[in-house]
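Taken in order, these protein sequences are the chains called A and B. Quick note on numbering: this note's numbering labels position 4 of the first sequence as 4, and the sequence is numbered without any gaps. Counting from 1 along the second sequence, just add 344 to a position and that's the residue number in this note's numbering.
There are 2 protein chains.
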Amino acid sequence: MAKVNSFRRVTIREVAAQAGVSTQTVSRVVNGHPDVSDETRIRVQQVIAQLRYRPSGVARSLAARSSQMLGVVAGGFHLFGPVQLLTGIEQQATDLGWHLMLQIVDSANPQDYERVAANLISQNVAGVIWAYPELTGECERAFLQQVRSYAPVVFLSMEPCAGSAVINVDNRHGARLAAEHLIARGYRHIGIITGPLTLWSAQQRKLGWQDALASAELPRHKRQIVEGDWTAAGGDAGLVKLLTQFPTLDAVFVSNDQMALGALKAAERLGRRVPDDLGIVGFDDIPESGFFKPSLTTVHHDLIELGRIGVRELHRVIQLHHEGRPASTTSLVLQPWLVVRESA
Amino acid sequence: MAKVNSFRRVTIREVAAQAGVSTQTVSRVVNGHPDVSDETRIRVQQVIAQLRYRPSGVARSLAARSSQMLGVVAGGFHLFGPVQLLTGIEQQATDLGWHLMLQIVDSANPQDYERVAANLISQNVAGVIWAYPELTGECERAFLQQVRSYAPVVFLSMEPCAGSAVINVDNRHGARLAAEHLIARGYRHIGIITGPLTLWSAQQRKLGWQDALASAELPRHKRQIVEGDWTAAGGDAGLVKLLTQFPTLDAVFVSNDQMALGALKAAERLGRRVPDDLGIVGFDDIPESGFFKPSLTTVHHDLIELGRIGVRELHRVIQLHHEGRPASTTSLVLQPWLVVRESA
DNA sequence: TAAAATCCCGTTAGCGCTCACAGTCTACCA
DNA sequence: TGGTAGACTGTGAGCGCTAACGGGATTTTA
Numbered sequence: 001m002a003k004v005n006s007f008r009r010v011t012i013r014e015v016a017a018q019a020g021v022s023t024q025t026v027s028r029v030v031n032g033h034p035d036v037s038d039e040t041r042i043r044v045q046q047v048i049a050q051l052r053y054r055p056s057g058v059a060r061s062l063a064a065r066s067s068q069m070l071g072v073v074a075g076g077f078h079l080f081g082p083v084q085l086l087t088g089i090e091q092q093a094t095d096l097g098w099h100l101m102l103q104i105v106d107s108a109n110p111q112d113y114e115r116v117a118a119n120l121i122s123q124n125v126a127g128v129i130w131a132y133p134e135l136t137g138e139c140e141r142a143f144l145q146q147v148r149s150y151a152p153v154v155f156l157s158m159e160p161c162a163g164s165a166v167i168n169v170d171n172r173h174g175a176r177l178a179a180e181h182l183i184a185r186g187y188r189h190i191g192i193i194t195g196p197l198t199l200w201s202a203q204q205r206k207l208g209w210q211d212a213l214a215s216a217e218l219p220r221h222k223r224q225i226v227e228g229d230w231t232a233a234g235g236d237a238g239l240v241k242l243l244t245q246f247p248t249l250d251a252v253f254v255s256n257d258q259m260a261l262g263a264l265k266a267a268e269r270l271g272r273r274v275p276d277d278l279g280i281v282g283f284d285d286i287p288e289s290g291f292f293k294p295s296l297t298t299v300h301h302d303l304i305e306l307g308r309i310g311v312r313e314l315h316r317v318i319q320l321h322h323e324g325r326p327a328s329t330t331s332l333v334l335q336p337w338l339v340v341r342e343s344a
Numbered sequence: 345m346a347k348v349n350s351f352r353r354v355t356i357r358e359v360a361a362q363a364g365v366s367t368q369t370v371s372r373v374v375n376g377h378p379d380v381s382d383e384t385r386i387r388v389q390q391v392i393a394q395l396r397y398r399p400s401g402v403a404r405s406l407a408a409r410s411s412q413m414l415g416v417v418a419g420g421f422h423l424f425g426p427v428q429l430l431t432g433i434e435q436q437a438t439d440l441g442w443h444l445m446l447q448i449v450d451s452a453n454p455q456d457y458e459r460v461a462a463n464l465i466s467q468n469v470a471g472v473i474w475a476y477p478e479l480t481g482e483c484e485r486a487f488l489q490q491v492r493s494y495a496p497v498v499f500l501s502m503e504p505c506a507g508s509a510v511i512n513v514d515n516r517h518g519a520r521l522a523a524e525h526l527i528a529r530g531y532r533h534i535g536i537i538t539g540p541l542t543l544w545s546a547q548q549r550k551l552g553w554q555d556a557l558a559s560a561e562l563p564r565h566k567r568q569i570v571e572g573d574w575t576a577a578g579g580d581a582g583l584v585k586l587l588t589q590f591p592t593l594d595a596v597f598v599s600n601d602q603m604a605l606g607a608l609k610a611a612e613r614l615g616r617r618v619p620d621d622l623g624i625v626g627f628d629d630i631p632e633s634g635f636f637k638p639s640l641t642t643v644h645h646d647l648i649e650l651g652r653i654g655v656r657e658l659h660r661v662i663q664l665h666h667e668g669r670p671a672s673t674t675s676l677v678l679q680p681w682l683v684v685r686e687s688a
């Protein structure tokens with residue numbers, strides 16, 4: 001398993017020898033500690049530049065029982081959301097001087113959690129960002145136990161729970177905005193294509209849709225609901241199914257933009273004009289949604305910012321932990337907003 | 345900069361004491377070395393399980409002068425291609441037992457290369473996957489020099505060059521297939537919306553378009569060419585510009601699907617029916633392209649596989665290096681294929 | 001039966017760095 | 001004049017692990 005890397009590397013000792021100081025002094029210069037005279041500091045820095053010395057993060061991690069590594073756990077990148085989250089996470093991590101170790105976990109494979117936990121712990125990560133919404137089963141709990149005893153964890157897009165930092169978009173409110181917009185436009189028979197209902201975010205969007213319909217005292221039967229899979233193909237099939245089981249449908253809230261694209265396609269095939277015969281509102285506001293035909297009215301949320309906040313929060317918790325102070329349970333919620341275009 | 349991680353961790357010494365053996369024996373068990381009796385091995389494994397011992401990858405890296413870490417350098421994930429590459433890279437890395445350290449570099453910021461190099465080297469990565477096509481300037485060369493002297497590098501989607509392993513999709517051939525399809529369908533005034541021409545892949549797609557037109561002895565003037573930016577908005581604007589400077593246009597090869605979506609939108613707005621008045625072929629075959637209106641004829645390429653191959657190749661080079669043998673220059677090319685739908 | 005080979009396991013010495021502590025040297029005050 | 005702060009720098013130990021070597025016990029070979 002171990003792979004030898006026989007490339008030579010410049011060590012702190014060589015720098016120290018060359019500069020005529022102790023390794024400790026070099027260490028102090030590298031880490032920006034005070035108690036080094038300007039004269040010495042400059043001399044050491046010159047030698048560092050000259051020798052192209054790069055401190056070994058590995059050795060530093062070991063000696064200081066710390067690391068500059070954050071673990072990111074995600075479930076894959078075929079969807080828009082996780083990609084945005086990763087983007088935000090990376091930006092903020094780089095800004096704060098953290099490195100990122102990426103771990104993808106497959107929910108269908110329970111022993112994946114064990115593997116991921118082992119990897120994160122073995123690399124001595126200083127903290128973990130959980131950017132994978134599903135965390136309901138036994139395995140996840142076992143994972144949590146293990147990882148938490150080693151490093152703080154911040155959750156993104158998950159159900160708030162005690163003892164954890166969780167950052168969320170207000171999916172429920174966003175979905176409510178979407179449904180309310182349909183109602184305001186005069187639609188009365190409003191269905192929904194949900195995401196996979198094992199996901200908390202999908203459940204929340206469904207609840208938001210229900211909230212809006214309940215406030216307007218509109219019916220919201222089971223046959224107005226179809227569960228989708230976040231893909232365009234799923235959205236297409238979803239609308240077909242919805243129209244079958246609820247023929248009077250005149251509008252639909254589709255829980256993400258990719259499915260909305262599929263729904264638009266299905267509507268065209270079935271001869272329903274959007275928005276005249278059928279109103280459609282999506283969720284996510286992916287960059288392409290303005291170019292759909294018709295352009296998609298949708299809910300915008302800033303997942304890049306969500307990722308950034310997550311890293312900042314983790315940073316904070318790590319600092320607290322470092323200082324020996326306990327971290328309080330935090331739960332942050334970002335507000336999404338509606339982007340009105342042509343489809344409703 | 346250093347962050348203390350004061351969580352306790354079980355060490356190899358505790359395992360050794362508990363099992364009544366030396367640390368070396370535990371090390372042998374953990375690493376699957378021979379020369380341990382079955383009896384001892386089982387006893388040690390039991391203690392490991394009982395104590396939930398997890399070897400420190402950090403300490404191992406330091407002691408063995410090796411690591412299980414691969415660096416991935418990318419330019420961000422707003423586009424389909426890089427996301428697919430990352431997916432493939434992650435899959436294969438996990439399969440081979442490597443961990444991934446993610447680095448995003450901003451081409452607009454030259455000193456980013458320095459930062460990335462320092463990070464990769466500091467974490468003692470065993471190899472680097474360069475999944476960022478732009479590598480033309482001075483900074484990149486400086487980066488290469490530095491990183492290469494520490495670890496092998498494999499390039500994805502780049503111009504083949506001596507002394508490096510490069511894995512590519514045959515963009516030129518794919519683009520040629522696209523343009524030839526337009527010609528076969530009877531279109532004769534064929535334009536192109538390219539990607540940013542600083543990118544090698546964008547250049548190659550342009551060359552493929554030229555190849556096809558040249559073979560058919562069709563004109564290919566400068567005014568048939570518009571440079572885009574890979575986005576839907578860019579594709580929209582691109583088609584508008586193209587029709588202005590080349591009014592007889594009856595078909596266009598759009599260098600990626602996102603821009604093609606924008607072009608479809610622009611065509612609708614300008615009253616050009618696709619495919620009757622205007623043929624459009626894209627490139628990438630993103631999952632949504634089958635749901636565009638009309639569905640998009642496009643070129644499919646397997647970037648997940650490209651990523652996987654890249655990691656396998658890097659693995660191979662690292663092994664060779666480990667054994668002290670030099671790695672030969674390799675250049676692998678994957679063939680894309682045409683997916684015919686409605687837009688041409 | 002002695003010598004060689006084999007199996008199994010322990011000891012020693014680091015990997016490159018930081019922590020805690022122990023100085024040395026100058027400046028300043030009583 | 002001695003003493004006490006600072007300001008600066010060095011020393012030893014050790015983070016958790018593995019490479020290299022060594023050696024005793026058992027088996028195999030001549």
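Glycine residues also receive a C-beta, built at the ideal position from the N, C-alpha and C atoms. A quick note: this is a predicted structure, and the numbers were derived from the prediction, not measured.
{"Query": "Which ranges does the alpha helix (DSSP H) cover as unbroken runs of at least 4 residues, wholly within the stretch 266-330 of chain A, from first to last along the chain?", "Result": "303-322"}
{"Query": "Can you round the beta-carbon distance between A/Leu100 and B/Leu446 to whole angstroms, since I take them to be within the 8 Å contact cut?", "Result": "5 Å"}
{"Query": "Classify B/Ile386: buried if its beta carbon has 16 or more other beta carbons within 10 angstroms, exposed otherwise.", "Result": "exposed"}
{"Query": "For B/Gln447, which of helix, strand or coil comes out of DSSP?", "Result": "strand"}
{"Query": "Short of 6 Å in beta carbon distance, which residues of its chain neighbour B/Gln679, apart from the five on each side in sequence? Order them along the chain.", "Result": "Asp514"}
{"Query": "Looking at chain B, is there any beta carbon in it that lies within less than 7 Å of the beta carbon of A/Asp35?", "Result": "no"}
{"Query": "Would you mind reading off the limits of the beta strand (DSSP E) that contains A/Val36?", "Result": "Taken as a continuous stretch (DSSP letters only), A/Val36 belongs to no beta strand (DSSP E), as it is neither H nor E."}
{"Query": "Taking a contact to mean a Cβ-Cβ separation below 7 Å, would you say A/Ile167 touches A/Ile309 in this structure?", "Result": "yes"}
{"Query": "Give a yes or no on whether the C-beta atoms belonging to A/Ala214 and A/Glu180 are separated by under 7 Å.", "Result": "no"}
{"Query": "Just checking: is the beta-carbon of B/His443 within a distance shorter than 7 Å of some beta-carbon in chain A?", "Result": "yes"}
{"Query": "Label B/His659 either buried or exposed according to how many other C-beta atoms from any shown protein chain fall within 10 Å of its C-beta, with 16 as the threshold for buried.", "Result": "buried"}
{"Query": "On a Cα-Cα basis, can you pick out the residue from B/Arg669, B/Val491, B/Gln455 that is closest to A/Arg9?", "Result": "B/Val491"}
{"Query": "Does the structure place the stretch 62-76 of chain A close enough to the stretch 15-23 of chain A that three or more beta carbon pairs sit under 8 Å?", "Result": "no"}
{"Query": "What span of residues does the alpha helix (DSSP H) with B/Gly471 cover, start to end?", "Result": "That residue, B/Gly471, is in no alpha helix (DSSP H); its beta strand (DSSP E) goes 471-474."}
{"Query": "How many angstroms separate the CA atom of B/Asp379 from the CA atom of B/Arg372?", "Result": "8 Å"}
{"Query": "Please classify A/Ser122: does DSSP put it in a helix, a strand, or coil?", "Result": "helix"}
{"Query": "So, helix, strand or coil for B/Phe424, using DSSP?", "Result": "helix"}
{"Query": "When the Cα of B/Gly517 is compared with those of B/Val643, B/Leu406, B/Leu650, which residue comes out closest?", "Result": "For the sequence presented, residue 517 of chain B should be read as His rather than Gly. Considering only alpha carbons, the answer is B/Val643."}
{"Query": "By a C-beta neighbour count over all protein chains shown, 10 Å radius and 16 as the cutoff for buried, is A/Ser6 buried or exposed?", "Result": "Residue confidence is low: A/Ser6 scores 43 on pLDDT, short of 50, so the model does not pin down where it sits. Its coordinate-derived value is still stated next. It is exposed - the Cβ of A/Ser6 has fewer than 16 other Cβ atoms within 10 Å."}
{"Query": "Hey, does B/Leu355 have any beta-carbon neighbour from chain A nearer than 7 Å?", "Result": "The sequence shown places Thr at residue 355 of chain B, not Leu. Not one chain A Cβ lies under 7 Å of B/Thr355."}
{"Query": "Any beta-carbon of chain B closer than 7 Å to the one on A/Asn119?", "Result": "yes"}
{"Query": "Select from the stretch 53-64 of chain A all residues with a C-beta closer than 7 Å to any C-beta belonging to chain B, and list them in chain order.", "Result": "Arg54, Pro55, Ser56, Gly57, Val58, Ala59, Arg60, Ser61, Leu62, Ala64"}
{"Query": "Based on DSSP bridge pairs, tell me the residues matched to B/Ala361.", "Result": "BP columns for B/Ala361 are empty, so no partner."}
{"Query": "Where A/Ala267 and A/Phe253 are concerned, what is the direct C-alpha to C-alpha distance, given to the nearest angstrom?", "Result": "14 Å"}
{"Query": "Indicate whether the contact test is met: 3 or more Cβ pairs, each with one atom in the stretch 275-294 of chain A and one in the stretch 243-263 of chain A, closer than 8 Å.", "Result": "yes"}
{"Query": "Would you say B/Gly586 and B/Gly530 are within 7 Å of each other, going by their C-beta atoms?", "Result": "One detail in the question is off: residue 586 of chain B reads as Leu in this sequence, not Gly. No, the Cβ-Cβ distance between B/Leu586 and B/Gly530 is not below 7 Å."}
{"Query": "Closer than 8 Å, Cβ to Cβ, to anything on chain B: give me those residues from the stretch 255-283 of chain A, in chain order.", "Result": "Gln258, Leu261, Gly262, Leu264, Lys265, Glu268"}
{"Query": "The beta strand (DSSP E) that contains A/Thr194, what's its start and end?", "Result": "190-194"}
{"Query": "Which residues in chain B sit within 7 Å of A/Val83, going by Cβ to Cβ distance?", "Result": "Phe421, Val427"}
{"Query": "For the stretch 231-246 of chain A, which residues have a CB atom closer than 7 Å to at least one CB atom of chain B, in sequence order?", "Result": "Thr231, Ala232, Asp236"}
{"Query": "Under 8 Å: do the stretch 535-547 of chain B and the stretch 568-578 of chain B share three or more Cβ pairs, one atom per stretch?", "Result": "yes"}
{"Query": "Which runs of the alpha helix (DSSP H) at least 4 residues long sit entirely within the stretch 197-253 of chain A? Give them in chain order.", "Result": "200-215, 232-245"}
{"Query": "Please report the residue range of the alpha helix (DSSP H) in which A/Ala64 lies.", "Result": "57-64"}
{"Query": "Judging by CA-CA distance, which residue of A/Val153, A/Ala93, A/Glu14, A/Gly81 is the nearest neighbour of A/Val317?", "Result": "A/Val153"}
{"Query": "Would you call the CB atoms of B/Ala577 and B/Gly606 closer than 7 Å?", "Result": "yes"}
{"Query": "As a quick exercise: from A/Ala108, A/Ala117, A/Asn109, A/Val72, pick the residue whose alpha carbon is nearest that of A/Trp98.", "Result": "A/Val72"}
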